[in-house]
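Going letter by letter, the sequence shown gives residues 0 to 945 in numbering that gives the first Met the number 0.
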Amino acid sequence: MSDNYRSREERRRAMNDNKPEGKSQGKPKKKKKGGLFRKIVAAVLLIGIIGLIAGVGTFFAMISDAPKVDDSVLKNSFSSKVYANDGKTVVKEIGAQKRTYVQYDEIPQVVKNAFIATEDVRFYKHHGVDFYRIGGALMANFKNGFGAEGGSTITQQVVKNSFLSPKKTVKRKVQEMWLAYQLERKYSKQQILEMYLNKIYFASGEVYGIERAAEKFYGVKSVKDLTLDEAAMLAGLPKAPTTYNPVTNPENATKRRNTVLNLMAKNGFITQAEADKAKQVDVQAHLAKQTESTSKYDVFIDQVIEEVKKKTDADPFSAGLEIYTTLDTNAQDYVDDVMNNKVVNFPNDKFQAGLVVVDNETGGIQAIGGGRNRVSGGLNFATNMRRQPGSTIKPILDYGPAIENLKWSTGQPIKDEEYHYSNGTPIRNFGRNYKGWVSAREALGRSLNIPALKAFQATGADKAKEFATGLGLKLDEEDGEAYSESYSIGGFRTGVTPLQMAGAYSAFANEGMYNAPHTVTKVKFPDGTEIDLTPKSKRAMQDYTAFMMTDMMKSVVNESYGTARAVRTPGLEIAGKTGTSNFSAAEKQRYNIPDAGEKDVWFNGFTPNYTISVWTGYETAKDGYILSANETGMAKNIFKHVITHISEGKPKGSFKQPDSVVERSVEKPTGKDLKRPSGSTPSSLITKEYFVRGTAPTKVSQTFVKKEKEKEEKKEDKKEDKKEKKDNKDVKPKITASYSGGAISVNWSAANAASDTTFTVTMSSPNGSEQLASGAGAGGKTISNPAPGATYSFTVTTNTGESASSSVKVPDSSDQATEDDSTKPEDDGTTDDNQNEDNSNTDQNNGSDQGDDSSTQPDDNQNSNNGSNNGSNNGDNNSGNTDNNNNDSGNANDGNSGNNSNNGGTTTPPADNGGSDSGSQTPQTPATPSTPATPATPQQEPTTEN
């Protein structure tokens with residue numbers, strides 16, 4: 000049976016239906032290829048269509064309220080009003096009054112080519128928006144960061160400056176592109192380029208439009224007279240009029256001009272040979288002399304204009320803006336008087352100064368002193384001039400980072416000593432001397448270089464850079480070189496401006512919060528749009544760093560060793576730092592500058608309310624150098640006058656100590672560690688310093704404890720010595736010598752002698768001198784067989800320096816029997832007074848109660864107060880012999896030299912022995928015969944010499 004099919008399709012289906020089930024199950028059915036891909040493509044197309052519809056809708060929504068292209072706005076300009084910090088006072092109205100409009104045909108081709116090559120090389124190829132350039136700009140921004148390259152065409156710049164606010168939003172950018180397209184439809188390329196060249200802002204002093212710029216910079220009567228190098232220079236200015244100004248910044252201007260020449264050669268507008276030839280021309284060679292003087296507030300308003308252009312891209316001369324500023328007219332008027340020689344006496348007309356006054360809390364610039372005898376468009380010494388800051392950089396690169404990162408105290412010990420950089424180059428202090436161990440406070444106050452370098456090294460260059468960057472100082476980027484150790488004392492190439500330094504120092508006064516110094520707070524556009532231009536505050540350092548650095552800088556002003564004592568002002572708390580820089584050896588030689596001549600002198604100071612940075616010096620080395628006291632002190636003098644004036648009638652305020660800081664008393668540094676003072680530390684060596692909480696020293700110094708102990712020991716020793724000396728005065732040595740039985744007996748002792756008293760006994764005889772004995776305690780000695788007729792002298796000396804002497808004469812042989820007989824006592828037990836004449840010379844001192852014989856008789860001999868002392872119990876008649884040596888030893892002290900009578904017996908005046916060592920005495924007569932004297936005990940008393 001044959002099968003009939005109406006079509007091939009039916010046959011295929013039938014065959015598939017008749018296939019065995021097992022076979023079909025064993026081999027899976029293949030899916031058609033491309034199904035998933037088609038679904039993805041379809042989905043993408045659908046999303047694209049939806050996105051396109053949404054995008055178109057959004058686009059038309061964004062441009063729906065775009066302004067109309069108005070001929071009057073394009074060709075005419077609207078002035079802008081500048082307000083003071085009260086928001087009401089209009090200090091100036093800037094606009095098109097200094098514009099000279101020039102037609103397209105009057106502009107030379109070299110000028111047109113220079114601007115097109117620089118700003119929009121595809122100007123003649125696009126229709127207002129260059130998508131090719133936008134793509135390139137996106138890639139450049141991706142590689143080099145946002146803002147590396149712009150994508151706006153000349154047409155878009157005309158639209159932006161004429162119709163739109165500078166808000167950087169997607170809507171504004173879409174409107175800009177739409178209006179650029181509309182402008183291209185309505186005007187020719189030539190007309191658009193003409194509008195652009197007549198609207199450009201070139202420089203301060205309201206230099207507006209190509210014709211006016213040609214006249215201002217090169218003194219030509221017409222733009223037609225500009226040369227290639229001049230046209231290239233003007234074409235490079237609009238990007239950054241102040242930075243590339245050939246009058247004030249020739250180095251930057253040269254680089255920018257050469258960049259324009261390279262772009263012209265690259266894009267075929269000139270040959271490379273023509274570009275190279277133009278580069279050889281000095282950028283200042285054809286500049287006209289700037290003679291137009293500035294008007295009131297021009298210096299401040301120049302900064303306002305630059306800020307508005309930089310932050311908004313709007314043209315203040317044509318956009319009809321309302322610009323609200325931080326200008327304090329009272330402060331600015333006074334600063335202008337200072338610059339005009341009405342407040343201080345400048346040494347000469349070439350001496351220059353630049354200063355900036357900043358509000359600490361907001362960063363708002365109150366006043367600017369741009370220089371003396373300035374002309375419009377001339378160098379602004381406050382905002383454009385860069386000079387080495389000298390030691391004013393030390394709080395920023397040295398001590399600030401050390402406190403911030405290492406938690407140094409204000410008293411951190413640093414040894415000021417002979418030192419060198421890491422590469423071996425010596426570093427010296429200004430005074431070429433060394434102070435030894437000093438605190439960080441004193442090192443900063445004295446402006447010592449060596450401790451500053453050590454602080455920089457302790458923290459490291461990276462931390463120093465980080466700290467400075469936080470204060471608005473990008474020094475390595477500006478210098479084009481890495482941080483080196485010479486940075487620690489201000490030794491870097493490009494330098495800084497007073498504007499930068501005022502901003503950096505204000506953060507110390509503002510508890511570590513940095514506000515970029517600025518002149519504009521907000522801008523209001525004709526359509527009512529307002530833009531807040533106040534910079535946001537950011538923390539640059541910890542509050543403890545700010546306070547402790549501030550207190551250290553107060554010492555620069557207040558301490559006797561401080562370098563800024565001249566700025567002290569009653570009623571104001573002032574902190575700050577001085578700084579100087581020197582000329583290079585080449586400059587000194589070329590301009591015959593003495594070694595003491597200085598190039599720059601700075602003072603950066605602040606109160607709780609204001610910061611002022613002042614620079615003084617000369618514009619060039621050939622103009623002069625700073626040497627006299629008037630010149631070196633001018634920066635401080637200017638600061639003092641300005642800070643006093645702007646602080647009048649305002650709360651003075653004070654620097655508040657944060658909770659993160661504690662104050663402690665410490666000993667002044669004598670080593671690497673700080674210690675608390677002990678009770679023995681002299682008050683002159685105790686100082687108070689600030690510490691980050693938790694880091695104050697706890698160890699008590701033992702330096703003066705040891706010294707005090709030694710001092711006390713010395714004091715005790717001295718006291719003992721004094722006592723011993725006093726005691727020694729009471730030690731009266733005594734020596735007796737007598738002849739008897741053919742021998743001399745010598746005995747020595749001392750009244751009040753201590754147990755450790757030692758005696759040295761010497762003898763002088765016809766045979767010479769010899770030591771008889773030496774040792775402690777009293778003693779005696781016998782000299783056998785002395786030479787007849789000879790005199791023997793004996794001296795006893797104690798270890799305390801006291802001495803006594805005695806002598807005895809040996810009788811001749813013929814007198815021996817008499818001598819022996821004379822020493823025998825009488826039978827009645829009494830001794831005749833006359834028997835003493837052959838013995839030691841003994842004087843009798845008889846005291847009488849009559850009181851009429853109390854005078855002392857001098858004895859030129861060595862006999863003193865030795866003899867019998869018969870004293871009455873009345874004690875009012877004490878008479879005796881005194882020698883010229885003022886010695887007080889005598890028998891009255893040992894109780895063996897006389898009789899003390901209680902019956903008021905008579906006394907006999909002493910006899911004068913005439914100075915003889917062994918002479919006879921005159922018999923003494925009783926004073927009162929009716930009252931017999933008590934017989935004296937027989938006693939032989941030797942003569943003593945004290």
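Beta carbons are placed, not taken as given, at the ideal position from N, Cα and C, and that holds for glycine.
Assigned secondary structure, residue i (DSSP; H/G/I helix, E/B strand, else coil)
i	result
residue 428	coil
residue 773	strand
residue 269	coil
residue 249	helix
residue 363	strand
residue 452	helix
residue 77	strand
residue 91	strand
residue 496	coil
residue 201	strand
residue 653	coil
Unbroken alpha helix (DSSP H) run spanning residue i, endpoints
i	result
residue 467	460 to 469
residue 589	584 to 590
residue 190	188 to 198
residue 638	633 to 646
residue 216	209 to 217
residue 334	328 to 338
residue 228	227 to 235
residue 544	542 to 557
Endpoints, the beta strand (DSSP E) within which residue i is located
i	result
residue 746	742 to 750
residue 615	609 to 617
residue 321	321 to 324
residue 604	597 to 605
residue 778	778 to 783
residue 581	574 to 581
residue 402	It is not in any beta strand (DSSP E) - residue 402 instead sits in the alpha helix (DSSP H) that spans 399 to 405.
Rounded straight-line distance, which links the Cα of residue j to that of residue i
i	j	result
residue 507	residue 367	21 angstroms
residue 155	residue 110	20 angstroms
residue 194	residue 237	15 angstroms
residue 287	residue 473	33 angstroms
residue 748	residue 776	7 angstroms
residue 868	residue 773	Low per-residue confidence applies at residue 868: pLDDT is 37, beneath 50, and the placement is therefore not dependable, though the value from the model is reported in the following sentence. Their Cα atoms are separated by approximately 32 angstroms.
residue 126	residue 180	6 angstroms
residue 703	residue 546	32 angstroms
residue 518	residue 369	14 angstroms
residue 86	residue 329	15 angstroms
residue 225	residue 219	7 angstroms
residue 537	residue 471	11 angstroms
residue 297	residue 253	26 angstroms
residue 282	residue 572	47 angstroms
residue 43	residue 34	15 angstroms
residue 183	residue 79	28 angstroms
residue 484	residue 128	50 angstroms
residue 192	residue 153	7 angstroms
residue 418	residue 598	25 angstroms
Residues that residue i bridges to, as DSSP identifies them
i	result
residue 735	746
residue 304	None; residue 304 has no bridge partner.
residue 412	438
residue 517	363
residue 354	368 and 613
residue 380	Residue 380 pairs with nothing; no bridge assigned.
residue 767	764
residue 418	426
residue 689	662
Anticipated Cβ contact below 8 angstroms, residue i with residue j, distance rounded
i	j	result
residue 412	residue 670	7 angstroms
residue 389	residue 614	Going by Cβ atoms, the distance from residue 389 to residue 614 rounds to 10 angstroms, so no, they are not a contact pair.
residue 539	residue 635	At roughly 26 angstroms, the Cβ-Cβ gap does not stay under 8 angstroms, so residue 539 and residue 635 are not in contact.
residue 706	residue 679	7 angstroms
Cβ of residue i within 7 angstroms of any chain B Cβ
i	result
residue 679	You won't find chain B in this structure, because it holds only one protein chain.
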